[in-house]
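K.L.:
I have a structure I would like to understand better, so I am pasting it below and will then ask my questions one at a time.
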Amino acid sequence: MRPLRSLASLRGPHVRSKLSSQQARHFHPTKPAPFPDVASGFIYGIHALTGLPWVYSLPLTAITVRLLVAMPLQIYTKVHARREQNLAPILHSWKVNYQREIRWLRSRSHLKEPLLETAPKILDARRRPSVHRQESEARASAAQASEAFHHTPASELTKILKNRVEDRRKEIYSAWRVPRFYKAANFLQLPVWLMVMESVRNMCGDDRGLLRYIGSLIGNSWHPGEAFNSVPLEAEPSLATEGALWFPDLLVGDPTCILPVLLSASIILNIRTGWKGTPPKEAADLPRKEMLLRVFPASLKGPLYFLALYIGYSASFGMPSALMVYWLTSTNMATLQTVLLDKYLFTNPPLKSWRQIHAAFPRREQ
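At position 226 of the sequence shown the residue is numbered 291 (the working numbering), and the sequence of numbers has no breaks.
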């Protein structure tokens with residue numbers, strides 16, 4: 066009687082190839098990479114300092130990185146975003162003021178006598194408040210403004226309005242210390258996150274990282290085809306025994322696909338919490354620029370949801386459990402930071418938009 070074959074020999078060839086790609090980790094000397102090596106030293110330092118298994122030290126590393134790098138940048142961005150939001154009604158009021166001034170001067174410029182008595186007060190009070198301006202300069206500026214608005218087409222008046230609003234915006238933001246590119250500060254955490262993720266991937270012996278491909282492409286600039294060659298990596302042997310629950314081996318993927326599902330759910334929750342926007346119906350009455358700024362984050366949620374599902378789907382095909390554990394912790398920590406900062410960073414609610422403030426006043430009886 067022929068002995069029974071092993072279960073592995075009874076599986077199809079496609080199943081064997083998939084399992085071998087998940088389970089096999091090659092132990093080779095790795096090439097030095099400066100930036101991932103710095104992140105790897107940080108990860109190994111926390112692991113050695115705490116003495117915890119990798120299944121606990123990796124989440125602790127993610128929390129530490131979020132607290133030291135991401136949270137200060139997030140606070141900086143939110144503080145200036147709230148300041149800009151509070152200044153938006155003032156800036157919009159100046160815009161409406163300039164519109165009324167231009168329309169008034171254009172409607173009165175057909176009169177024979179120049180606007181020497183009333184226009185100086187408007188220009189002096191609305192454009193640049195100064196009570197010490199000489200009478201002759203005020204009269205001359207009023208006459209020039211009246212003549213200029215009379216012969217200027219509507220398209221040029223629109224440019225004049227935009228320039229005046231932009232000058233006023235720079236003046237207001239400078240007085241209230243609102244940086245111009247403060248929103249870009251939140252993206253400074255992305256290189257740090259990529260380096261740590263790349264380091265965890267290298268520790269798992271996985272050579273499919275983006276940074277490693279870019280580094281190989283730079284090193285082989287004269288022969289870019291060599292960048293696609295696999296670079297042998299050295300896996301951390303202790304990751305194979307310091308897992309937990311249903312994933313005791315952190316070097317291989319999750320056969321139950323629970324971690325990929327949790328990863329997609331965590332990313333979707335982070336998008337719903339952090340990417341806040343105004344629905345198009347509610348923002349329809351706002352000015353065009355303010356409407357676009359409020360609707361744009363909400364319009365990105367659909368593609369980001371699809372990307373989150375795709376990340377979980379791709380993670381089910383052999384992504385190391387160590388990488389998913391770190392990614393899960395970092396994403397959930399980012400969501401928790403967003404919720405806590407939105408709730409406790411500011412004690413007062415933000416100012417309403419200009420139209421909502423204006424609508425709060427009772428109408429005059431005719």
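Ideal Cβ positions, reconstructed from N, Cα and C, are used throughout, including at glycine.
May I ask you to list the residues that DSSP assigns as paired with F312?
P.N.:
For the purposes of this step, residue 312 is identified with residue 247 of the sequence shown, where counting begins at 1. DSSP, once it has assigned bridges, lists A309 as partnering F312.
K.L.:
Quick one: Cα of Y238 to Cα of Q164, how far?
P.N.:
By 1-based counting over the sequence shown, the position of residue 238 is 173. By 1-based counting over the sequence shown, the position of residue 164 is 99. Spanning the two alpha carbons is a distance of roughly 21 Å.
K.L.:
With a cut-off of 8 Å on the beta carbons, I'd call C322 and S379 a contact; round off their distance for me.
P.N.:
The residue you call residue 322 lines up with position 257 of the sequence shown. The residue you call residue 379 lines up with position 314 of the sequence shown. The Cβ separation is near 12 Å, so there is no contact.
K.L.:
What is the DSSP secondary structure of K341, reduced to helix, strand or coil?
P.N.:
By one-based count along the sequence shown, residue 341 stands at place 276. Of the three classes helix, strand and coil, the one that applies to K341 here is coil, per DSSP.
K.L.:
For a quick check, are the C-beta atoms of L437 and R234 less than 8 Å apart?
P.N.:
This structure cannot speak to residue 437, because the chain is shown only from 66 to 431.
K.L.:
Since M398 is in the alpha helix (DSSP H), which residue starts that stretch and which ends it?
P.N.:
Indexing the sequence shown from 1 puts residue 398 at position 333. Looking at the DSSP string, the run of the alpha helix (DSSP H) that includes M398 is 386-409.
K.L.:
Mind checking whether S264 and F312 have CB atoms under 8 Å apart?
P.N.:
By 1-based counting over the sequence shown, the position of residue 264 is 199. By 1-based counting over the sequence shown, the position of residue 312 is 247. No, the Cβ-Cβ distance between S264 and F312 is not below 8 Å.
K.L.:
By Cβ distance, which residues of its chain are closer than 8 Å to Y370, with the 5 residues on each side in sequence left out?
P.N.:
Within the sequence shown, residue 370 is the residue found at index 305, counting from 1. Closer than 8 Å at Cβ, skipping near neighbours: I333, I336.
K.L.:
Around the C-beta of Y391, are 16 or more other C-beta atoms found within 10 angstroms, so that it is buried, or is it exposed?
P.N.:
Here residue 391 is taken as the residue at index 326 of the sequence shown, counted from 1. Flag for Y391 reads buried.
K.L.:
Span of the alpha helix (DSSP H) holding F371?
P.N.:
Counting from one through the sequence shown, the residue named residue 371 turns up at place 306. 366-380 is the span of the alpha helix (DSSP H), which, as asked, contains F371.
K.L.:
Look at C269 and L388 and say whether their C-beta atoms are less than 8 Å apart.
P.N.:
Here the question's residue 269 lines up with position 204 in the sequence shown. Here the question's residue 388 lines up with position 323 in the sequence shown. Yes, the Cβ-Cβ distance between C269 and L388 is below 8 Å.
K.L.:
Once DSSP output is grouped into helix, strand and coil, what is the label at V230?
P.N.:
Within the sequence shown, numbered from 1, the residue matching residue 230 stands at position 165. In this structure, V230 counts as helix in the three-state DSSP scheme.
K.L.:
Could you check whether W340 and L365 sit closer than 8 Å to each other, using their CB atoms as the reference points?
P.N.:
Counting from one through the sequence shown, the residue named residue 365 turns up at place 300. Counting from one through the sequence shown, the residue named residue 340 turns up at place 275. Yes. Within cutoff.
K.L.:
Drop a sphere of 10 angstroms on the beta-carbon of L327, count the other beta-carbons inside from all chains shown, and report buried for 16 or more, exposed for fewer.
P.N.:
As a first step, residue 327 is located in the sequence shown; it is residue number 262 there, counting from the start. That one is buried.
K.L.:
Classify N413 as buried or exposed, calling it buried when 16 or more other Cβ atoms lie within 10 Å of its own Cβ.
P.N.:
Against the sequence shown, residue 413 aligns to sequence position 348. So N413 counts as exposed.
K.L.:
Should N228 go down as buried or exposed, given a rule of 16 or more other Cβ atoms within 10 Å for buried?
P.N.:
Translated into positions along the sequence shown, residue 228 becomes position 163. So N228 ends up on the exposed side.
K.L.:
Can you tell me whether F411 is buried or exposed, with buried defined as 16 or more other CB within 10 angstroms of its CB?
P.N.:
In the sequence shown, counting from the first residue as 1, residue 411 sits at position 346. F411 should be labelled exposed.
K.L.:
Where R446 and G308 are concerned, what is the direct C-alpha to C-alpha distance, given to the nearest angstrom?
P.N.:
Summary: the structure shown does not reach residue 446, with the chain confined to residues 66 through 431, and so no result is reported for it.
K.L.:
Helix, strand or coil: which one does DSSP assign to V103?
P.N.:
As a working mapping, residue 103 is identified with position 38 in the sequence shown. Three-state result, V103: helix.
K.L.:
Excluding the five sequence neighbours on either side, which residues of its own chain have a C-beta within less than 7 Å of the C-beta of L226, listed in chain order?
P.N.:
Reading the sequence shown from its first residue, position 161 is the one you call residue 226. Within the same chain, L226 has close Cβ partners Y163, Q164, I167.
K.L.:
Of the residues V317, L222, T115, which one's Cα is nearest the Cα of W169?
P.N.:
Locating residue 169 in the sequence shown gives position 104, counting from the first residue. Among V317, L222, T115, the Cα nearest to that of W169 is on L222.
K.L.:
Determine the DSSP secondary structure at P244, reduced to helix, strand or coil.
P.N.:
As a first step, residue 244 is located in the sequence shown; it is residue number 179 there, counting from the start. It is coil, neither helix nor strand.
K.L.:
Applying the criterion that 16 or more other CB atoms from any shown protein chain within 10 Å of the CB defines a buried residue, is Q139 buried or exposed?
P.N.:
Numbered from 1 along the sequence shown, position 74 holds the residue referred to as residue 139. The residue is buried, with at least 16 neighbouring Cβ atoms inside 10 Å.
K.L.:
How would you label L405, buried or exposed, when you count the other beta carbons within 10 angstroms and need 16 or more for buried?
P.N.:
Reading the sequence shown from its first residue, position 340 is the one you call residue 405. So L405 counts as exposed.
K.L.:
My understanding is that L324 touches A300, with C-beta atoms under 8 Å, so please give their C-beta distance in whole angstroms.
P.N.:
Within the sequence shown, residue 324 is the residue found at index 259, counting from 1. Within the sequence shown, residue 300 is the residue found at index 235, counting from 1. At roughly 19 Å, the Cβ-Cβ gap does not stay under 8 Å, so L324 and A300 are not in contact.
K.L.:
Could you check what DSSP says for N335 in three-state terms: helix, strand or coil?
P.N.:
As a working mapping, residue 335 is identified with position 270 in the sequence shown. N335: helix per DSSP, three-state reduction.
K.L.:
Taking Cβ positions, are W159 and V230 nearer each other than 8 Å?
P.N.:
Position 94 of the sequence shown, counting from 1, holds the residue named residue 159. Position 165 of the sequence shown, counting from 1, holds the residue named residue 230. Contact: yes.
K.L.:
I need the straight-line Cα distance from N151 to V360, nearest angstrom please.
P.N.:
If you number the sequence shown from 1, residue 151 lands on position 86. If you number the sequence shown from 1, residue 360 lands on position 295. About 18 Å.
K.L.:
Give the DSSP-derived three-state secondary structure of K177 in the structure shown.
P.N.:
As a working note, residue 177 is residue 112 in the sequence shown. Per-residue confidence for K177 stands at a pLDDT of 39, beneath the threshold of 50, marking its modelled position as unreliable; the derived number appears in the next sentence. Three-state result, K177: coil.
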